[in-house]
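Participant:
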Amino acid sequence: MALINRNFRTGLLTVIAAFMLAIMPLPDWAVKFRPDWVTLVMIYWAMTIPDRIGVISAWLAGLMLDVSYGTLLGQQAAGLVIVIYVIHMQHQRLRAASLIQQAIVIFFLLLIKQLLVLWVDGILGRAPDIWYYFMPTITSTLLWPWLYLILRDLHRKFGRIPAYS
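Letter by letter, the sequence shown follows residues 44 to 208 in the numbering used here.
1. For Ile204, which of helix, strand or coil comes out of DSSP?
2. Does DSSP put Asp79 in a helix, in a strand, or in coil?
3. How would you write the range of the alpha helix (DSSP H) that Ala121 sits in, first residue to last?
4. Once the 5 residues before and after Trp88 are set aside, which same chain residues still bring their CB inside 7 Å of it?
5. Would you call the segment 73-84 and the segment 163-179 touching, i.e. three or more CB-CB distances under 8 Å?
6. Between which two residues does the alpha helix (DSSP H) carrying Phe177 extend?
7. Is the beta carbon of Val129 closer than 8 Å to that of Leu108?
8. Is the separation between the beta-carbon of Gln118 and that of Val58 shorter than 8 Å?
9. Could you name each continuous alpha helix (DSSP H) segment of 4 residues or more that falls completely within the segment 80-112, going from the start of the chain to the end?
10. DSSP three-state label for Met44, please.
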């Protein structure tokens, strides 16, 4: 039971940190390049502890993203649910893959999420600058190996109970 609580605490703190990074004010030129922090952290936890992080937690995190960004309620949530569902179905294969291979898969999943958000924006009549619209996907993909290593080390240090206890 303590293992579940420690994993939950570590995961919750990293998701809160991802939300803080997602809403942190940035200069106008840097906003277009902001990585999709919450999705990346949710992907890590869905790969690591798939029995605890699934579609429902992705939906809740996506709704919180919608509220944070001021987008249509369910827009980010639907994209995040699709991404986490695919990760959940393929988590064993992704864990066995190298970080570069994981980054490639994550690039396409984030691209699908961005296309879904773009589609909804198009339906609503919002016309984003298409040249910069997919930059978060690229920056997120480039950050994935480092974020994976940081979260893995945090999980090993704080999430698990040592063998001697």
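Built from N, CA and C at the ideal position, the CB exists for glycine as well. Here the structure is a predicted model, which means the values were calculated and not measured.
Facilitator: Result, derived from the coordinates:
1. Counting from one through the sequence shown, the residue named residue 204 turns up at place 161. Unreliable positioning characterises Ile204 in this predicted model, as indicated by a pLDDT of 49, which lies under 50. The coordinate reading is nonetheless provided below. Three-state DSSP puts Ile204 in coil, outside helix and strand.
2. Reading the sequence shown from its first residue, position 36 is the one you call residue 79. Coil at Asp79, not helix or strand.
3. Within the sequence shown, numbered from 1, the residue matching residue 121 stands at position 78. From DSSP, the alpha helix (DSSP H) with Ala121 extends over 118-132.
4. Your numbering for residue 88 matches position 45 in the sequence shown. Closer than 7 Å at the Cβ level, and outside the excluded window around Trp88, lie Gly54, Ile96.
5. yes
6. Stepping through the sequence shown from its first residue, residue 177 is reached at position 134. Careful: Phe177 lies outside any alpha helix (DSSP H) and carries neither H nor E.
7. Taking the sequence shown and counting its residues from 1, one reaches residue 108 at position 65. Taking the sequence shown and counting its residues from 1, one reaches residue 129 at position 86. It is not a contact, given that the beta carbons lie outside the stated cut-off.
8. Sequence index remark: in the sequence shown, residue 118 carries index 75 (1-based). Sequence index remark: in the sequence shown, residue 58 carries index 15 (1-based). Result no, Cβ atoms of Gln118 and Val58 do not sit closer than 8 Å.
9. 80-91, 98-112
10. On the sequence shown, residue 44 is found 1 positions in, with the first residue counted as 1. For Met44, the predicted model reports a pLDDT of 46, less than 50, meaning its position is unreliable; a value from the coordinates is still stated below. In this structure, Met44 counts as coil in the three-state DSSP scheme.
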